[in-house]
Amino acid sequence: MINSDHATFFSLILFGIGILGLLTRKNLIMILISVEIMLNAVNLNLIALSRRDIQGMTAVGGEAIALFVILLAACEAAVGLGILIGLKKYSSDVSVDDFDELRD
Amino acid sequence: MRLLIFFLVIMILLGISAFMLFSDAVVSGIINPPLSTIDIATADSDMVYRSLAAFSPELVLLLTALLIIIFEFVTPRQRRNFSVLGFGGAAVAFFFAYKNFNTAPVLAFSGAVLADSWTGVARIAATAVAAVALIQIAPLNLFGFDDKESRYGEITILILLSALGITLMASSRDFLVTVIAFEIMSLSLYPVLAGNNSRKNYEATMKYFLMGALATALMLYGISFIFGETGSTRYAELKGFNARLLIGMVLFFSGLFIKAGFVPFHAWMPDVYETAPSFLGGFMAAGIKLGAFAAIGRLIYFCKLAPENLTTLVVALSAATLFLGNCGALFQTNLARLIGYSAIGHTGFIAMGIAASLETRSADGIASVIFYLISYAPAVIGFFAVIGMTEDLSKTRRGLLQSGGRNFEILRGLFQRKPVVAICLAVFLASMAGLPPAVGFWGKFYVFLTAYQAGKIGLLAVALINSLIAAWYYMKVMREAFSPLDTEIENRTSPVSLIIVIAMAVLVIYMGLLPDLFWASANLATKAM
Amino acid sequence: MASMNLLLALVIIIPIFSALLIAFTGRSFPSFAGWIAAGAVLLSFAFAVPVALQGIAGNATELHLWNFFFTKTLSIDVAFRVDELSGIMLFVVLGVGGLIHFYSIEYMKHDRSRGRFFALLNAFISFMLILILGNNLLMLFAGWEGVGFASYALIGFWYERQAPAKAGIKAFITNRVGDFGFMIGIFLLCWLTGSGSLAEINARCVELKNVTVNIGGMPFGYLELVALMLFLGACGKSAQFPLHAWLPDAMEGPTPVSALIHAATMVTAGIYMVCRLDGVFAAADTVREIMLLGALVTALGAAIVACAQTDLKRILAYSTISQLGYMMAGAAVMAKGTAIFHLATHAVFKALLFLSAGSVMHALSDKLDIREMGGLIRKIPVTGIVMIVGALGLAGVPLFAGYYSKEMIIGAVAADNYFAAALLIVGAAITAFYSARMIMLVFFGESRFDDETSKHCHESNWIMILPLIILAVGTLIVGHLHVSEILGHIEEENLPWVFYSALASVIFGGGFGIYYYRTHLSHSTPWKEFIKTGFGWDAAVDRVLIQPITELAKWVRDYLDKAGIDSLAHGMAHSAGALGETMRTLQSGSIGTYLGYAVFGLAILLWFIVP
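Residue numbers (this note's numbering), protein chains in the order written: chain P, 573 to 676; chain B, 59 to 587; chain L, 55 to 665.
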């Protein structure tokens, strides 16, 4: 039978995919998508865990938190895309590897 | 870009209003089972009103931001002057924060946020920092020079909202509220930072943003575990630290550590500080660090049952942060970058207080944390203001939102050119190096004392070595400012910056002569978390 | 007593405010600087008189300003207190200090940077007030370091010339040794008593007398250790053997500075501290033996060295050291009344002597060698008469100030130790001898200076003469005030032989000096040259302490700083060493790496914390 641990495991995999994408992708759009994947892993986990019984009661607030997470994701995407448009001026394929002047 | 920023602002406002309006219903009724004990006392009918009254500084910040949004549409030609309006709003908020500082704690919005003295200290500091940042970009600051920049209105709004985020970080007793405050605080700053329209500036913004996005994702993922384990998002419900809860806590802390600049989450800090315009540099170094540590401090208070190795972890992080930050600063030739690294070092010093607090399972260490933060703020704001007055503008536009060349050479012969500024700079450097009678000495003194009382002798030794390293590079800057003049550099004429610099120097000395006043406030702040 | 508190606040604030005012405007209006400075100190003196009189009468005024800092075990206030002891010190510091400020207006008239001079002088007065009025150890220490700073800055006031700069460094390094001990002493004392308040510390020392610590298996009295450290600090500041060598060199500073800081006030801070913490020293019998021994060596040795000096100001400097030895001897036998009495009289007549010496220098175009003087009484009679009054005070001739206080110290020491008292009587004879020698060589006999100097030789104007006359009158009066009785009853053995032999020694020493130097100089011999160098001690201190530290500082500057850090700072990456290279590699500038660090850190945290 599938229980919440399976869902947690699945969200862990999803989060891992997001982190890997964040680390390895060079295109800023792909990196933003990776962030979205991570946030979706969060949502999955929240919804799965909200069905768990706690102290004899059923907590069903996970979905409500997921709404907040979606809101935050939208805000972040807005700012991220704004920065992306700015970066477009200096690098046509918005590759983050083109930006390493600030160092040492 | 303009439309995007408005989109962002609207989203943030939506988030806040949704949170405020539905907090009673959503947060207390659905997310948290009525079993929760702290909520019962406040569950009467005029609760929302009383909650709002306790949060008057936040409301003032929010309403000023809203007002400026309306003005942006109504009188767009006047937007150059909006920062003065924003300064007024921040000053009023400061007044309310000062008035509310010592009142009885109010547990508001069904226990999600607490307006106590801890919040009070953070509010006073955050509103003051915001006010100082806004007055620095006021039109008075460019004598006889017409700045064609059109973004002053937006920047004012965003700085106010960021200050709002900082105060919410301090008052929050709920993981979800902390994340929302964290987002308000940081998302507002990305567009401000991107104002330079140079390649380096966008690079720094991109790095800052991606680290912030990672932080948000980690914190939210941490919340999902914590919620799964305790069935609540309240700090107060933290108990029975098992593996799942610990994973959640570490993920959540990692997000906060990114903003506070702990090693190895620090790498964005020097890059961002290097290109930040001077008013923003001061705001970030003093304000964002305050927000991150205010949240960490309050959360630590609820970690009394956490296992022993969380303490070991913070001790190790603190030592690593101290060494990497201070050694990194040794080799810098760029003033702002040097302050970026030294800010990492200061994070290490503050972390000692956190470690001490975790060790003794009491609020003693946290008092030294908040004291260090308020002692650090005037010196670093003043230092950035000095950078703003001296930076080399031969290659950039002269606008206040630009950052010019910031190599050590810009300070050469400062004592001959601007003796008052040079003396104030010496005061700031002495404070950051921790020399009496500047207040930085007392910040370090109390942090070291609490570490000593908690028995963290090894960490204390590391911190002492690092104080010496830090003194070395601060003295290097000082020597540059007092060396003979041999270059001519084009600077801004900044009367307001001059006033800010002098005021900050006076504040540093004043706080250094009366440290007990602020130490007593810091102790008071940790009484009822 | 609210009005007294207000007055006390004014007494402290006026010099601080004036110092800041001159520091900021002195460069623009140098001619007003002196008047502002002198006016501020005299005004402060006027306010101080009622407060000090109240304090001397036994009604202590306490001004509690604010709590400076507190921890769980220790709380330090910023508070001032005027009691008997600090009341007397107020008169000394502000009274003598005010006259010296007034004198300086004329003396420094032609100096370019007199704004800096007066700002530092006023800052010195402010710190001295903090030192004597502070109610706890930390304030005492703050004032102690502050007067030290003002002293180094003023010794090296003419820093363009080599000798003053070197003398400043010497004073700094020598005092570091003493201050190091003093700091340890303060720290140990705070730790032991859990309090910073001076009164509380003195009160608690009685019960803590038997606390011991083990050092290398040997039990030592804790308070003995503390007292030893404090005494080391007093040695540095009050120029006691073996840390006295800086004081003669300090005469390179302007003469009013020598009078104010290195004769009348700052150098007596060590004596003041010992008297202030008498509870600690009362509980440390062994250390008091050491103190008495050190005081005797200082008093006698410096007096002998003074006999061989040929530089007018150096004679006075060694005489200061010797007289400080007398005070320390009084303090060592716990007769703090006599020590403070001698401190007060010494401040008056020694300031008088130094200021007259300054007047002599003025007359002779800055000549200081007494071999090139002589017969000056005819040229500058007023200066001559007041200086003779000062010398009579120093020699201890009856009716003049030094006589009464010195007798009392010798009497108090005799109650404790006959042998020490006998040595001090011998010292008094030598003192009378060199005082006579100085006066005879400067003012009597044939003139030994050239005609050019003779032509310019003139009496100083009234601004310089007025303080001299006031101080000369003071020398006549102050000995008759019963200062020593203010601080409690002195156990004194009024043996006739002490009294008579002291008087006889003064008459003999002085008479011999007058007779011996009545017409001419004595010849220089190798022995005299050796004594002149302070028995070779100066050179030894230079070799052992000053030179190595100066070399070390130079080495740090040249190699560590210039060759090491600077080359790194200026972008010579190839020599940056492993650390710089590592930092460079770590901060690669690529966002992927940064995110990687964070994720790596997270992995470590998770691995570490999850059981």
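Quick reminder that beta carbons are idealized off the backbone N, C-alpha and C, glycines included.
Treat the numbers as computed from the prediction; the structure is a model and nothing was measured.
Residue 164 (chain B), enclosing beta strand (DSSP E) - first and last residue | 164-166
Quick one: give me the first and last residue of the alpha helix (DSSP H) that residue 367 (chain B) is part of.
-> 366-388
Mark residue 103 (chain B) as exposed unless 16 or more other C-beta atoms lie within 10 angstroms of its C-beta, in which case mark it buried.
-> Low confidence applies to residue 103 (chain B): its pLDDT is 47, below 50, so where it sits in the model is not reliable enough to give any reading.
Report yes if the CB atom of residue 193 (chain B) is closer than 8 Å to the CB atom of residue 554 (chain B), and no otherwise.
-> yes
Assign residue 376 (chain L) to one of two classes, buried (16 or more other C-beta atoms within 10 Å of its C-beta) or exposed (fewer than that).
-> buried
Should residue 167 (chain B) be labelled buried (16 or more other beta-carbon atoms within 10 Å of its own) or exposed?
-> buried
Report yes if the CB atom of residue 224 (chain L) is closer than 8 Å to the CB atom of residue 362 (chain L), and no otherwise.
-> no
Span of the beta strand (DSSP E) holding residue 131 (chain L)?
-> 129-136
Segment contact flag, the region 258-268 of chain L with the region 332-343 of chain L, C-beta cutoff 8 Å, min 3 pairs = yes
Based on Cα-Cα distance, which residue from L:284, L:356 and L:460 lies nearest to residue 298 (chain L)?
-> L:356
Mapping DSSP to helix, strand and coil, what is residue 552 (chain B)?
-> coil
How is residue 103 (chain B) classed by DSSP in three states: helix, strand or coil?
-> For residue 103 (chain B), the pLDDT reaches just 47, beneath the cut-off of 50, and the residue's location in the model is therefore unreliable, although a value from the coordinates is still provided. Reduced to three states, the DSSP call for residue 103 (chain B) is coil.
Is the distance from the Cβ of residue 513 (chain B) to the Cβ of residue 502 (chain B) below 8 Å?
-> no
Residue span of the alpha helix (DSSP H) that contains residue 287 (chain L), given as start and end | 276-291
When you check each C-beta in the region 652-674 of chain P against every C-beta of chain L, which residues fall closer than 9 Å?
-> 668, 669, 671, 672, 673 and 674
Listed in chain order, which residues of the region 109-132 of chain L have Cβ atoms closer than 7 Å to some Cβ of chain B?
-> 120, 121, 122, 123, 124 and 125
Residues of the region 408-435 of chain B whose Cβ lies closer than 9 Å to any Cβ of chain P, in chain order | none
Can you pull the chain L residues whose beta carbon is under 7 Å from the beta carbon of residue 591 (chain P), in chain order?
-> 653
Members of the region 294-312 of chain B that neighbour chain L once the beta carbon cut-off is set at 7 Å | 301, 304, 305, 308 and 312
6 Å CB neighbourhood of residue 182 (chain L) in its chain, flanking five on each side removed = 147, 201 and 319
Going by CA-CA distance only, name the one from L:226, L:217, L:278 and L:73 that's closest to residue 242 (chain L).
-> L:278
Helix, strand or coil for residue 510 (chain L), going by three-state DSSP, please let me know.
-> helix
Contact with chain P by residue 645 (chain L), beta-carbon distance below 8 Å = yes
Pull up the distance between the alpha-carbon of residue 422 (chain L) and that of residue 514 (chain L), whole angstroms please.
-> 16 Å
Skipping 5 residues on each side, what residues in its chain have a beta carbon closer than 8 Å to that of residue 635 (chain P)?
-> 618, 619 and 622
Go ahead and pull the three-state DSSP assignment for residue 124 (chain B).
-> helix
Taking a cut of 9 Å between CB atoms, which residues from the region 257-272 of chain B lie near chain L?
-> 261, 264, 265, 268, 269 and 272
CB of residue 321 (chain L) within 8 Å of CB of residue 346 (chain L), strictly | no
DSSP puts residue 272 (chain L) in a beta bridge; with which residues?
-> L:269
If you draw a straight line from the alpha carbon of residue 469 (chain L) to that of residue 388 (chain L), how long is it in whole angstroms?
-> 11 Å
Which residue from B:233, B:426, B:317 and B:274 puts its Cα closest to that of residue 284 (chain B)?
-> B:233
Any heavy atom of the ligand FAD closer than 7 Å to the Cβ of residue 252 (chain B)?
-> This structure lacks the ligand FAD; in fact it carries no ligand of any kind.
Taking buried to mean at least 16 other C-beta atoms within 10 Å of its own C-beta, is residue 575 (chain P) buried or exposed?
-> exposed
Would you identify the three-state DSSP class for residue 449 (chain B), choosing helix, strand or coil?
-> coil
Beta-carbon proximity of residue 378 (chain L) to residue 352 (chain L), cut-off 8 Å | yes
With a cut-off of 8 Å on the beta carbons, I'd call residue 369 (chain B) and residue 417 (chain B) a contact; round off their distance for me.
-> 5 Å
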